[in-house]
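The structure appears below as structure tokens.
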């Protein structure tokens, strides 16, 4: 407030005479502090200050008559005293805050995918207690009433389906992605490992042989991006090792296998396996493989068509070592045989490169 | 960077453009000597002089009409209508001239004009000082209607409005003129017009609002977050033309939409948004699109105005119905 005007003192009287000022120009006054005594026709009235501030001017001296509504006191007009409006009252900021926003839609909105269905189908699903997110959409990307009814019928007959979670879900996604992108070709061949010293660590020999074969055939140890049609030949061989657990498939990465000795590799592999079993393996330890080994021969199986997981371009599968009757130097012999399967992504690797890789791999494995 | 309120940010944007653009002028009732009834134009006349910051008579038709004439002939007027409730005499100028000059002259004339007007209630003001009639303006083809909801967006959107070659009505939510203080750099950077702003990211419910109601909407979102509900909060910002893509993308993700505005619900901008979402998101919707709005009545006087305004409680009540739908 800049000017304080003489208020109606409550008696409907149009004027008052100044009896005594209790403040002077330059005084700092508080709210409700006594400013002036005025005499109306009926009584002496004390007029308090309506606000705090410094007095700039007093209008009228002792004995002067002031009319109601005329200025009585002028206060120092501070910016802080400015309410910032001519009408009503504006809320004042309690303190500074931060302002964060995204221009347009949030990234999560652009990537969102979930079940799409008409309201009638949603109502049907709610009535039949079918979770729409568990159903696969039809050709139009839309879940139909027939699919909801089928799912309800299935559930009634055979109980609820188990929803995949965690590692198993990740495997399903990775394999589906691979299937939709990679152009796989698989080669099968046997390695004669009969001359190995007794007690040779098969897995470590496989790791070392893959490292050796990658060094000689760099096209196989690479990352390929099918969208930008580009590849990166990797200098270091970081080998993904498929580890089977009850929860699902884990593929921890054994780093830089080409420059590590046998004992170091075995210790590293054991540690990875332990971490997987204890579920303490950090996600970073399962990323960045340049090629993968699936040693299913520790369980059963001879040959396979292992699945290449992008951006890698190759995977080696090793089956069960067996004793087999073979022709050898014009003789029939019984030899220990390690069956091998190599799948490569034919978008990134030629048949020749893959075959040479397999040949080098077998030569490395055949050595005593 | 200085912390500014919205009204200070608007003053800063005007000063920035007055300095940068010699053809720009600010005009309106009390904008010069007085500095504006809300102080939005304070000190501008002192800095830029009476030819750039012009006090006009109390005649809204003349203010907008003169501004249109200036805009077509090379000036860039930023005219203030002191309160949105005073804009109606100028509607004829906006509808019959400003919005259609480009069309009428087949592109020979454009109308780079900004009309600023404080709007909305909640400050205990008298009649004509509290309404939100943005839908009237949003219904005029050729007119942009922009409503900021924070000091920074006010600064950057006002710059964008001034630099736009076509007429923009810039409605300022006066209830939050001084209610929020945020860092604003005077860097002259504009934000795009015709786009929404996503203030919170969430998967369960899209809350759509603009202007001062963003405050209540954010409080409701915070409250829902504590209950484990992720709200996406979208500030529409340009109510005409609507950024449909952003609204559709968000509601396609969440499957639930709640529109909050202060204006009466009947034929409000929320109705247009609901219709748009229904047309594009039907297959993703998990619940009906709902609105929390002012009531279909004349804005009440100050004693009852807070009953009229959508409150956090009303928003939370309807949000609960949306979230529980079909469960």
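Chains as they are written, first to last, in this note's numbering: chain B, 168 to 535; chain D, 79 to 405. Positions of the beta carbon are idealized from the N, C-alpha and C atoms, including for glycine.
- Any Cβ of chain D closer than 8 Å to the Cβ of residue 420 (chain B) would place that residue at the interface, and such an atom is absent.
- A check of alpha carbon separations from residue 503 (chain B) across B:356, B:234, B:521, B:490 identifies B:490 as the nearest.
- Residue 190 (chain B) places its beta carbon less than 8 Å from that of residue 196 (chain B).
- For residue 305 (chain B), there are no neighbours in chain D by C-beta distance under 7 Å, as the nearest C-beta there is about 12 Å away.
- Residue 337 (chain D) is a Cβ neighbour of residue 351 (chain D), given a cutoff of 8 Å.
- Rounded to the nearest angstrom, the gap between the Cα atoms of residue 475 (chain B) and residue 376 (chain B) is 19 Å.
- Here residue 224 (chain B) has 192, 240, 241 as same chain residues with Cβ atoms under 8 Å from its own Cβ, once five neighbours each way along the sequence are excluded.
- Taking 8 Å as the upper bound on Cβ-Cβ separation, chain B lies near residues 360, 361, 362, 363, 364 of the segment 347-365 of chain D.
- 8 Å or more divides the Cβ of residue 357 (chain D) from the Cβ of residue 289 (chain D).
- Boundaries of the beta strand (DSSP E) around residue 400 (chain B): 397-400.
- The alpha carbon of residue 399 (chain D) has as its nearest neighbour, out of D:364, D:271, D:279, D:388, the alpha carbon of D:364.
- Neighbourhood of residue 266 (chain B) in chain D, by CB distance below 8 Å: 228, 229, 230, 231, 260, 261, in chain order.
- Identification of chain D residues near residue 257 (chain B) by a Cβ-Cβ cut-off of 8 Å yields 116, 201, 252, 253, 255, 256, 257, ordered along the chain.
- Note that the C-beta distance between residue 222 (chain D) and residue 318 (chain D) is below 8 Å.
- Listed in chain order, the positions of the segment 264-285 of chain D with a beta carbon within less than 8 Å of a beta carbon of chain B are 269, 270, 273, 274, 275, 276, 277, 279, 281.
- Against residue 204 (chain D), the close residues of chain B are 254, 255, in the order they occur along the chain (beta-carbon pairs closer than 9 Å).
- Neighbours of residue 330 (chain B) in chain D, taken as residues at a C-beta separation under 9 Å, are lacking, since the least C-beta distance is about 18 Å.
- Residue 107 (chain D) is positioned such that its CB atom lies closer than 8 Å to that of residue 134 (chain D).
- Per DSSP, residue 105 (chain D) lies in no alpha helix (DSSP H); the unbroken beta strand (DSSP E) holding it starts and ends at 102-106.
- Pairing residue 155 (chain D) with residue 316 (chain D), the inter-Cα distance amounts to about 20 Å.
- Straight through space, the alpha carbons of residue 336 (chain B) and residue 369 (chain B) are spaced by roughly 31 Å.
- Excluding five sequence positions before and after residue 380 (chain D), the CB atoms of its chain that fall closer than 6 Å to its own CB belong to 202, given in chain order.
- Bounds of the alpha helix (DSSP H) holding residue 321 (chain B) are 312-325.
- Of B:449, B:380, B:243, B:319, the smallest CA-CA separation from residue 171 (chain B) is found for B:243.
- Take residue 287 (chain B), set aside five residues on each side of it, and the residues of its chain with a beta-carbon closer than 8 Å to its own are 312, in chain order.
- For residue 427 (chain B), the three-state secondary structure derived from DSSP is coil.
- Judged by DSSP secondary structure, residue 395 (chain D) falls within the alpha helix (DSSP H) whose first and last residues are 390-402.
- In terms of Cβ geometry, residue 275 (chain B) and residue 331 (chain D) form a close pair [threshold 8 Å].
- Interface criterion met: the Cβ of residue 309 (chain B) is under 8 Å from a Cβ in chain D.
- Within the model, the alpha-carbon separation for residue 314 (chain B) versus residue 215 (chain D) is close to 47 Å.
- Checking the DSSP bridge columns, you'll see residue 221 (chain B) partnered with B:195.
- For residue 328 (chain D), the uninterrupted alpha helix (DSSP H) segment begins and ends at 322-332.
- When Cβ-Cβ separations below 8 Å define contact, residue 300 (chain B) makes no contact with chain D.
- Residue D:246 holds the alpha-carbon nearest to the alpha-carbon of residue 145 (chain D) among D:246, D:375, D:251.
- The criterion of a C-beta distance shorter than 8 Å is satisfied by residue 270 (chain B) and residue 275 (chain D).
- By the criterion of at least three beta-carbon pairs nearer than 8 Å, the segment 479-495 of chain B is in contact with the segment 454-461 of chain B.
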